[in-house]
Amino acid sequence: MSKTFEINIKKLQDPTGSKQDVKKMKLGAIFYLKQLGFNQYDISTMTDIKRSTVQSIISRVNQTGTTLTGKSTGRPSSFDDYTQRHLERTIRRDPFQTLETITGQLRMMGKNVSRSTTRKWVSKLGFRYYTPAVKPKMNEEHKKNKLEWVHLHKNWSSEQWRQVIWSDESRFRVSGNDGTPLVLRKEGERYESCHTLRSGKFDGGSLMVWSCFWAGGLGPLVFIDGNMNQESYIDEDNATCHTGAYAKWWKRSHSMNVMEKWPAQSPDLNPIEHVWSELARKLRRRKNFIYNTEDLRRELLLAWENIDV
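Here full-length UniProt numbering is used: the first residue of the sequence shown is 1, the next is one more, and so on.
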């Protein structure tokens, strides 16, 4: 046996790569070894494949001349074009439905499906469950200002964006996202109005934090105790606590350059939202260790230190 083939045999006994690639490699090895005159026992030992499987493959080769299986002749899938269109319309009507509700609707149209089948069909259409974005209520003035800001900065260079420090506040709860409904949507549809929740008052057992980042890395994670007002907090999203006379004076006295016409109620324009999302993901992995605000403070600091930038 050649040295090259000996190496390939070792790969068969400790395979790497996709399951499909490994399967093809093993089928080819069985065929090749049979052509070299090895018996089923030897082939089974060298390839680490059950003898019954080796026997089945050799029989297939003798009958069909190939190691490949024929195309399945099983019953056609019940996930036909009509069902696909119906399922997409069902999801679009109410993207906050649970899988159980969707499964029930499929059964009402005569489809004998389980929850796992529904999940598979939903995935085939490109939908998956996400935590919905919390979208502030915007009036026409907010929308107009947002569009003006986008046009004002759409031709900025990468170097200009590297000079920007992005900052914002965010609130995290002891209970994490427990009780928050999930939304079924496709990739890229996060901020469509039908997939978002309106922001409102937060429950107790929570902490407000502020931070910032820029091209050079993350800033500190600052815990905010008390109410938001212009004397304590500096930020640039045109919320009233950020545009008062004291805040403006502080920025002027510290020679801060402020981005022009930043639109209020536009968290989707601030990339720090991605940082908050990553922080929330890390917290969810530690939710069993968070029982009060002191635990939450500790875990927030730990997670912040471990965010890769």
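Backbone N, C-alpha and C fix where the C-beta goes; we use that ideal spot for every residue, glycine too.
Predicted model only: the values in this text are computed from it and were never measured.
Item to check | Top-ranked residue by Cα proximity to residue 106, from 39, 82 and 262 | outcome: 82
Checklist entry - Can you tell which of 50, 58, 26 and 53 has its C-alpha closest to the C-alpha of residue 37? => result 58
Checklist entry - Considering only C-alpha positions, which residue in the set 214, 140, 116 and 97 is nearest to residue 163? => result 214
Item to check | CA nearest to the CA of residue 121, picked from 87, 223 and 262 | outcome: 87
Item to check | Rounded separation between residue 200 and residue 25 - CA only | outcome: The predicted model places residue 200 with a pLDDT of 48, which falls under 50 and marks its position as unreliable; any figure quoted below should be read in that light. Roughly 58 Å between the two C-alpha positions.
Next on the checklist: In the DSSP output, what is residue 208 paired with across the bridge?
Outcome noted: 171 and 224
Checklist entry - What is the DSSP secondary structure of residue 149, counted as helix, strand or coil? => result helix
Next on the checklist: Please state the DSSP three-state secondary structure of residue 113.
Outcome noted: coil
Item to check | As assigned by DSSP and simplified to three states, the class of residue 217 | outcome: strand
Next on the checklist: Across the segment 145-158 and the segment 293-305, are there enough close Cβ pairs to call them in contact, namely three or more that are closer than 8 Å?
Outcome noted: no
Checklist entry - Between which two residues does the alpha helix (DSSP H) containing residue 93 stretch? => result 81-93
Next on the checklist: Checking the sheet assignment: what are the DSSP bridge partners for residue 129?
Outcome noted: 184
Checklist entry - In terms of alpha-carbon separation, which member of 114, 299 and 62 lies closest to residue 174? => result 299
Next on the checklist: Which same chain residues end up closer than 6 Å to residue 211 when comparing Cβ atoms and leaving out the 5 residues on each side of it in sequence?
Outcome noted: 219 and 221
Checklist entry - Taking contact to mean at least 3 C-beta pairs separated by less than 8 Å, is the segment 188-197 in contact with the segment 137-144? => result no
Item to check | Inter-residue spacing [alpha-carbon to alpha-carbon] between residue 126 and residue 182 | outcome: 16 Å
Next on the checklist: Bridge partners for residue 166 per DSSP, in chain order?
Outcome noted: 213
Checklist entry - From the DSSP output, which residues share a beta bridge with residue 197? => result 134
Checklist entry - Does DSSP classify residue 43 as helix, strand or coil? => result helix
Checklist entry - In terms of alpha-carbon separation, which member of 133, 208 and 193 lies closest to residue 168? => result 208
Checklist entry - residue 80: which of 101, 109, 309 and 206 sits nearest, CA to CA? => result 109
Checklist entry - Where residue 223 and residue 132 are concerned, what is the direct C-alpha to C-alpha distance, given to the nearest angstrom? => result 25 Å
Next on the checklist: If I measure Cβ to Cβ from residue 263 and keep anything under 6 Å in the same chain, skipping five residues before and after, which residues do I get?
Outcome noted: 145, 146 and 149
Item to check | Residue interval of the alpha helix (DSSP H) (run including residue 275) | outcome: 272-285
Next on the checklist: Please report the distance separating the alpha-carbon of residue 307 from that of residue 161.
Outcome noted: 21 Å
Item to check | Sub-9 Å separation of residue 170 and residue 276 beta-carbons | outcome: yes
Item to check | Option nearest residue 315 by Cα separation, candidates 39, 253 and 123 | outcome: Here the chain has residues from 1 to 309 only, and residue 315 is not among them.
Checklist entry - Under three-state DSSP, which class holds residue 77? => result coil
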